[in-house]
Amino acid sequence: MIKYRILLCICTCVRPILDANIELVSDQRHFSPGVAIALSCKQGYTPVSGPRRIVCTIDGMWTKTRYTCIPKRCPYPDPPSNGELHYEDTVYLSTINYTCNEGYTLDGSSTAVCQANGTWSTPAPECKAVSCGLAPIPQFGMIIYDKMVRGNKTYFGIGGTYRCLPPLALFGNPRAECTINGTWTETPECRVVTCPPPENIEKGYMSNEDRRDFDFMETVKYGCEGDYLLEGNMEIVCQQNGNWSEMPSCKASCPVGIQGVKIEYRGEKMWIADLKTKAILHKEILSVYCKDTVRNCSYAVPVQCLDGGLRLPECFEGKIHYLYYDDSKKSSTMFLFKISSFISKKKTTLPTMSKYDQLLTSKL
1 MIKYRILLCI
11 CTCVRPILDA
21 NIELVSDQRH
31 FSPGVAIALS
41 CKQGYTPVSG
51 PRRIVCTIDG
61 MWTKTRYTCI
71 PKRCPYPDPP
81 SNGELHYEDT
91 VYLSTINYTC
101 NEGYTLDGSS
111 TAVCQANGTW
121 STPAPECKAV
131 SCGLAPIPQF
141 GMIIYDKMVR
151 GNKTYFGIGG
161 TYRCLPPLAL
171 FGNPRAECTI
181 NGTWTETPEC
191 RVVTCPPPEN
201 IEKGYMSNED
211 RRDFDFMETV
221 KYGCEGDYLL
231 EGNMEIVCQQ
241 NGNWSEMPSC
251 KASCPVGIQG
261 VKIEYRGEKM
271 WIADLKTKAI
281 LHKEILSVYC
291 KDTVRNCSYA
301 VPVQCLDGGL
311 RLPECFEGKI
321 HYLYYDDSKK
331 SSTMFLFKIS
341 SFISKKKTTL
351 PTMSKYDQLL
361 TSKL
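In UniProt numbering, the protein residues as written are 1 to 364.
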């Protein structure tokens, strides 16, 4: 009788290859058929579907599974007040970054990481306003803040204006600003400034003739004698550089040395004989009517008095008019010559009598 020996080949299962976020609850490398092992999600991941066990079959294969693990998610964070946050996702191991707006500084951690338990590694920080404290005050000075300041705290963006106690002058930037780094801009100085006694102007007078030094911002006023007109500011001021502002000057009026013509003065047409004044003021305009012999009509030509000089239109060339007005004498004598169409009240060297015919001398 022949005997047969049947050999059975039993295959074992090797450790299964799983997704990176799934782990086995066993350290074995080989498994016998029929052995079941449990699956679990790695730290920071959570299961969503499929059986949690696989079994080693007799042919050395593991049963199929759809067990899946996904990253845990942390709650969506809120941006800090006066700040921003930046992130791409909120799942496990994701990172968020906090920043503050200009003028604010971060109080707390600037980053946070989503942990395995679904919470952020650090609490949300705060954005606090940059504080400068009170602005430094220069000696003999003060500051006027743009906004109400309570206590001894000021914040980025707050500014003020420096002033000095009179009569001191401020040197430096009058504006103060709380900067982003928590410090104030440079503090100016208050210094003593004086100006020398001002000089009087020709044909003028001063409101203060004290021969002393004048303090910063002190003023002196000027006026003119008689029919002289003040040109420029009537008031000069002692400036920060120790000099006076630009001084005015007294400009002479212009004698009107024409006769028998029609004029327009201050909006009124009249004959020259009806003009109530014998001179017009500096920069005043007088319109003289000239005759057009071709068209047999007249036309107005404006002329302006400039510091005692009045240039008449060409139609008056060669006519009698005043050239020189000597106001140094009480009798104020006017001399009349037949030379050009320019009338002047300025002192001038007169031509010799041998070259010109003197026509008339009148007393005013």
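Beta carbons are placed, not taken as given, at the ideal position from N, Cα and C, and that holds for glycine.
Residue i versus residue j - alpha carbon distance
| i | j | result |
| --- | --- | --- |
| glycine 103 | cysteine 132 | 11 Å |
| alanine 176 | isoleucine 70 | 57 Å |
| alanine 135 | asparagine 173 | 14 Å |
| threonine 12 | histidine 86 | 51 Å |
| alanine 20 | lysine 64 | 17 Å |
| asparagine 97 | alanine 112 | 7 Å |
| glycine 159 | threonine 105 | 19 Å |
| valine 48 | threonine 154 | 55 Å |
| cysteine 195 | arginine 163 | 20 Å |
| glutamate 88 | tyrosine 76 | 11 Å |
| alanine 124 | phenylalanine 156 | 23 Å |
| residue 368 | valine 14 | In the structure displayed, the chain extends from 1 to 364; residue 368 sits before or after that span and is not available. |
| serine 81 | serine 40 | 41 Å |
| glycine 182 | lysine 128 | 12 Å |
| isoleucine 258 | cysteine 315 | 12 Å |
| tryptophan 62 | serine 109 | 48 Å |
| leucine 185 | isoleucine 144 | A small fix is needed here, since residue 185 is threonine in this sequence, not leucine. About 15 Å. |
| asparagine 208 | asparagine 241 | 21 Å |
| asparagine 101 | lysine 42 | 39 Å |
Chain-order list of residues whose beta-carbon lies under 7 Å from that of residue i (same chain, five-residue window excluded)
| i | result |
| --- | --- |
| alanine 38 | Val25, Arg52 and Arg53 |
| serine 287 | Ile263, Glu264, Ala300, Val301 and Pro302 |
| leucine 281 | Asp227, Leu229, Ser253 and Cys305 |
| aspartate 146 | Ile158, Gly159 and Gly160 |
| asparagine 243 | Cys195 |
8 Å Cβ shell around residue i - same chain, five flanking residues per side excluded
| i | result |
| --- | --- |
| leucine 168 | Phe140, Gly141, Cys190, Arg191, Val192, Val193 and Phe216 |
| valine 149 | Leu134 and Ile158 |
| aspartate 107 | Pro125, Glu126, Cys127 and Lys128 |
| leucine 18 | Leu24 and Leu39 |
| asparagine 233 | Ser245, Glu246 and Pro248 |
Presumed contact (8 Å Cβ cut-off) between residue i and residue j, rounded CB distance
| i | j | result |
| --- | --- | --- |
| leucine 170 | proline 188 | 5 Å |
| isoleucine 201 | valine 130 | About 55 Å; that fails the 8 Å criterion. |
| alanine 252 | tyrosine 222 | With 8 Å as the limit, alanine 252 and tyrosine 222 do not qualify as a contact, their Cβ atoms being about 16 Å apart. |
| glycine 44 | alanine 116 | 4 Å |
| glycine 83 | tyrosine 67 | Not quite, the Cβ-Cβ distance comes to about 42 Å (not below 8 Å), so this is no contact. |
Secondary structure of residue i, DSSP reduced to three states
| i | result |
| --- | --- |
| aspartate 326 | In this prediction, aspartate 326 has a pLDDT of 42, which is less than 50 and means its spatial position is unreliable; nothing more can be read from the coordinates. |
| isoleucine 272 | helix |
| cysteine 315 | helix |
| methionine 234 | coil |
| tyrosine 76 | coil |
| glutamate 88 | coil |
| cysteine 132 | coil |
| lysine 262 | strand |
| threonine 111 | strand |
| threonine 99 | strand |
| serine 253 | coil |
| glutamate 284 | coil |
| residue 374 | Residue 374 lies beyond the stretch modelled for the chain, which goes from 1 to 364, so this question has no answer here. |
| glutamate 126 | strand |
| isoleucine 37 | strand |
Heavy atom of the ligand SAM within 7 Å of residue i beta-carbon
| i | result |
| --- | --- |
| asparagine 82 | Questions concerning the ligand SAM fall outside what the structure shown contains, since it holds no ligand whatsoever. |
Nonlocal neighbours in the same chain, by C-beta distance under 6 Å from residue i, ignoring five residues either side
| i | result |
| --- | --- |
| aspartate 213 | Thr194 |
| glutamine 304 | Ile285 |
| residue 382 | Residue 382 is absent from the model: the chain starts at 1 and stops at 364. |
| isoleucine 22 | Leu39 and Cys69 |
Subject >> Contained beta strand (DSSP E) runs [length at least 3] in the stretch 142-174, N- to C-terminal order >> reply: 159-164 and 169-171
Subject >> Every unbroken alpha helix (DSSP H) within the stretch 187-251, with a cutoff of 4 residues, ordered by chain >> reply: none
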